[in-house]
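Read the structure below first, then the notes.
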């Protein structure tokens, strides 16, 4: 059995609205059924093999998420995994003006 190289997938959007994290992970040419995603309150791990490489990594999140309300959608044509992870407790944010 040939051991495939492991590569961290590209996170192309990571947004925190005070209510939830919105995370987009690029997984080009990966089949949906090959994606393994696991979450804890403070982070997530992803593993997604394809024929020539294995995308795999773990990320830490600063604020805890409600793991029972996480939603995902995979857009296979674009190779994009969308993760919506609601925060356990919403936080108040303040917009800072740019001079």
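In this note's numbering, the protein residues as written are 121 to 219. Glycine included, C-beta positions come from ideal geometry on N, C-alpha and C.
- Annotation for residue 206: the continuous beta strand (DSSP E) segment containing it runs 200-206.
- Per the DSSP secondary-structure output, residue 126 pairs in a beta bridge with 174.
- The Cβ neighbour count for residue 185, taken over all protein chains shown within 10 Å, is at least 16; the residue is labelled buried.
- With respect to the C-alpha of residue 194, the residue from 188, 187 and 204 having the closest C-alpha is 204.
- Taking all protein chains in view, the Cβ of residue 201 is crowded by 16 or more other Cβ atoms within 10 Å, so the residue is classified as buried.
- Taking the Cα positions, residue 133 is about 9 Å away from residue 146.
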